[in-house]
Amino acid sequence: MTPPAKRLWPDTVASRAILILVAALLAFHLLGYWAYRVGVENLATANQDRGLAERIVSIKRAIASLPQAPERDRVAHDLSSASLEVHWSKVSLVLGTAPMTERTRAMEARLKELAPELAAESFRVGFADDGALGAGEANAYKHMMLVSVRLDDGSWVNFSSSALGASQHLDWGLTAIMICFAVGIVVVALLLLRWATRPLRDLAEAAERFSLDQAPQPLPETGPVEVRRAARAFNTMRERIRHLVTERMQAMAAVSHDLRTPITRLRLRSEFLEDDATRALIDADLGEMEAMIDSTLDYLRGGTSSEPLRPVDLASVIETIVDEHVDQGHFVLLVGLNSAPVSGRLLSLKRAASNIIGNAVKYGQEAKVSITDAGDSYAVVVEDEGPGIAEADRERVFHPFVRLEESRGRQTGGSGLGLTIALAIVRSHDGSIALENRAEGGLRVTVSLPKL
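Quick note on my numbering: the sequence shown kicks off at 4 and runs consecutively.
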């Protein structure tokens with residue numbers, strides 16, 4: 004499907020069902036209307052043609068019974084009507100070379116049926132539009148059926164009828180009624196389909212809330228069989244995931260306690276060492292171990308947090324982190340909006356922003372942070388003066404425990420989880436992170452979060 008057609012194609016179950024229903028109704032109405040028109044018009048035409056054929060035979064017999072030419076001409080004019088003009092003449096109005104059509108053959112058959120005494124050469128039938136007249140008379144009898152009947156003395160009675168060749172026209176009253184019925188059916192169908200697809204919308208909303216860790220309530224298992232099965236499967240999946248997450252959190256708490264206890268003992272024992280240099284090295288190693296444990300636990304949480312969602316001023320969060328770096332002597336510049344309200348978890352957002360800005364300061368020496376309005380979201384852009392990241396590594400750098408060559412030294416620290424944790428937190432807030440190298444050198448990180 005081409006992109007323009009794809010944009011026009013409905014994107015919901017209800018709209019697609021309505022489109023199918025409208026197409027089926029339209030096809031049904033058009034076929035029904037065509038069958039009705041054909042049937043009614045064929046019946047009306049047959050009755051009309053039979054009546055006119057009977058009149059033609061009656062008028063021919065009446066005129067043939069008159070002996071004098073003036074009387075024949077007068078009676079012919081007296082028997083004329085709005086739908087049938089009659090003229091008596093010594094010549095035939097219809098040319099003997101007039102082409103035969105389905106309509107003229109049908110009229111000839113009716114005339115022979117009503118007047119068996121008429122020989123095939125004693126009458127002619129044709130349409131002015133089909134070349135039954137000469138060029139000079141065709142315009143005068145346009146859209147008319149013409150019949151010429153020869154009398155015994157060789158004269159002719161000429162008939163012209165506009166009713167026999169009347170053009171079909173659209174019955175606008177019937178069409179309006181059909182349109183009203185179709186619109187009414189579509190409106191009722193739309194309401195019923197919205198009601199029928201409500202469980203699907205609830206399922207989609209619950210899945211979206213669950214993906215954002217908003218702990219939705221179990222879905223009611225109502226509606227058609229397919230919808231009930233989908234809701235039951237979602238509820239089962241939800242319980243299994245919540246159970247797994249709970250077990251993982253409990254395991255993380257136990258591991259954290261079990262690891263921190265010996266670290267604390269080692270730290271206390273190091274205080275009894277008389278060699279200050281050795282004690283400092285041990286303290287540094289223990290601090291690095293604690294930092295690695297904290298980072299690993301944050302990563303295992305996968306962006307989840309017991310902290311509830313609430314309105315958070317993203318600009319204030321960024322300003323706090325920037326001020327902390329400035330107080331530590333780092334060059335970090337903050338520009339842009341003074342207020343950027345979002346729905347989020349304050350501590351999680353602060354952790355994600357701290358990881359991103361901290362990386363910019365660590366590897367780029369200087370950092371510039373800007374907060375801008377991006378339509379339905381806020382964009383936080385962090386730029387540094389560092390070496391940047393190769394395009395092949397921009398996706399890999401978000402993988403856990405991945406550290407690029409420039410950051411593997413002990414002097415820079417890090418466990419390769421900073422951006423992984425930041426990405427998990429941002430995604431849990433329905434946001435996104437993008438990396439790109441600056442033309443003038445350095446890395447640009449763009450974080451987008453939906454507005455409140």
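For every residue, glycine included, the Cβ atom is placed at its ideal position computed from N, Cα and C.
None of these values were measured; they are calculated from a predicted model.
Given residue i as reference, the closest of the options once Cα atoms are compared
i: V315; options: E250, V448 and L349; result: L349
i: R441; options: S342, D387 and S164; result: D387
i: W91; options: A109, A65, F130 and L114; result: A65
i: S431; options: A210, T375 and V152; result: A210
i: V450; options: G35, S373 and H260; result: S373
i: I59; options: S83, P73, W37 and Y36; result: S83
i: I290; options: P223, Q368, L271 and D330; result: Just to set this straight, residue 290 is Gly in the shown sequence, not Ile. When each option's Cα is compared against that of G290, the closest is L271.
i: F213; options: L284, T239 and A356; result: T239
i: A377; options: E394, A343, I360 and R77; result: A343
i: G361; options: A382, R201 and F334; result: F334
i: R447; options: A370, P223, V94 and A179; result: A370
i: G339; options: D396, Y381, A199 and A72; result: Y381
i: E242; options: F275, N50 and L222; result: L222
i: W159; options: I244, V94, A234 and R108; result: V94
i: P390; options: E398, E74 and Q368; result: Q368
i: D297; options: L154, S125, S259 and A283; result: S259
i: R19; options: A192, Q331, T178 and S435; result: A192
i: A185; options: I21, D396 and E208; result: I21
Close beta carbons around residue i, own chain, < 8 Å, minus the five adjacent residues each side
i: N358; result: G421, L422, I424 and A425
i: D379; result: P453 and K454
i: R354; result: D301, I424, A425 and I428
i: D286; result: R270 and S273
i: M181; result: H32 and Y36
Which residues DSSP lists as bridging residue i, in chain order
i: G434; result: Its beta-bridge partners do not exist; DSSP assigns none.
i: R449; result: Contrary to the premise, residue 449 reads as Thr rather than Arg in this sequence. According to DSSP, T449 bridges with V384 and A437.
i: S164; result: M148
i: W159; result: S92 and R153
Bounding residues of the alpha helix (DSSP H) (the contiguous stretch that carries residue i)
i: A370; result: Looking at the DSSP string, A370 is not in any alpha helix (DSSP H); the run it does join, the beta strand (DSSP E), is E369 to D376.
i: H402; result: Run containing H402: none; DSSP gives neither H nor E here.
i: S346; result: Per DSSP, S346 belongs to no alpha helix (DSSP H); it is in the beta strand (DSSP E), P344 to G347.
i: L269; result: V228 to S273
i: D76; result: A72 to D81
Terminal residues of the beta strand (DSSP E) in which residue i lies
i: D316; result: R313 to D316
i: R127; result: F126 to F130
i: L337; result: F334 to G339
Cβ-based burial, residue i [other Cβ within 10 Å; buried from 16]
i: A363; result: buried
i: F237; result: buried
i: G444; result: exposed
i: S68; result: exposed
i: Y366; result: buried
i: Y39; result: exposed
i: S151; result: buried
i: N161; result: buried
i: A318; result: buried
i: F126; result: buried
i: L46; result: exposed
i: I23; result: exposed
i: G226; result: buried
i: A138; result: Caution is warranted here: a pLDDT of 47 is assigned to A138, below 50, making its placement in the model unreliable, and the coordinate value is therefore given only provisionally. So A138 ends up on the exposed side.
i: V329; result: exposed
i: A356; result: buried
Residues near residue i in its chain [Cβ-Cβ closer than 6 Å; skip 5 each side]
i: H402; result: none
i: L312; result: S346
i: A56; result: R113, L114 and L117
i: A437; result: T449
Beta-carbon contacts of residue i that lie in its chain and below 7 Å, excluding the five residues immediately before and after
i: I188; result: L28
i: G412; result: Residue placement at G412 cannot be trusted, given a pLDDT of 42 that sits under 50; what the coordinates show is reported in the next sentence. Answer for G412: no residue qualifies.
i: E111; result: V128
i: L337; result: I321, E322, V325 and V372
i: A280; result: none
i: V78; result: A65, I66 and L69
i: A72; result: none
i: D76; result: W91
i: I244; result: none
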